[in-house]
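Numbering (the numbering used here), first residue to last: 18 to 137.
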Ligand SMILES: [Cu+2]
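Below is the structure:
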C-alpha cells in the first residue's frame, strides 16, 4: 500500500539528483582548469564519447556540424557531418573550432547528439 508512494519519492529523488549533477557539471565547465577530472559526474563514461571538432553551430535548427573521429557505437567512420542535438542548450557555449567530446544516438533515422562537452 505504501509502495506507490515510495516509488514516487524515489523517482522524485532521482530527478533531483540528476538536476544536481547537471548543475555541478555546468559549474565545472565555467571554473576552467581548476576542475579536476575526478570531479566529473560518474554518469559520463568517457569510453562512450567520440572526439570531434566543431565546424558549424546552427542554434535555430538545433544542429551542429562536427568533424568527428570514428564512432564505434554506431559503426561510423571518421567524417564531417551534421548532427541534431537533443537540447539546444548544448550549443550555448559552442564555437567553430572548439574541440569537443560527444555521444550520439540514432533516433527516428537521425543522428542526435545526447552529450557534448569540451575536450580536456
Ligand atoms: Cu559521421
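Yeah, the Cβ is synthetic: ideal placement off N, Cα and C, and Gly gets one too.
Excluding five sequence positions before and after residue 95, the CB atoms of its chain that fall closer than 6 Å to its own CB belong to 86, 87, given in chain order. In the three-state reduction of the DSSP assignment, residue 109 falls in the coil class. With a cut-off of 7 Å, the C-beta of residue 107 is classified as distant from ligand 1, since no heavy atom of the ligand falls inside that distance.
Where residue 83 is concerned, the enclosing beta strand (DSSP E) starts and stops at 80-85. Look at residue 68 here: in three-state DSSP terms it is strand. Residue pairing by DSSP places residue 124 opposite 127 in a beta bridge. In its chain, beyond the 5 residues on either side, 72, 73, 99 have a beta carbon closer than 6 Å to the beta carbon of residue 82. Of the candidates 65, 117, 126, the residue whose Cα lies closest to the Cα of residue 90 is 65. Partner residues in the beta bridge of residue 74, as assigned by DSSP, are 81. With at least 16 other beta carbons inside 10 angstroms of its own, residue 67 counts as buried. Rounded to the nearest whole angstrom, the CA to CA distance from residue 118 to residue 126 is 22 Å. Taking every protein chain shown into account, the CB of residue 130 has 16 or more other CB atoms within 10 angstroms, so this residue is buried.
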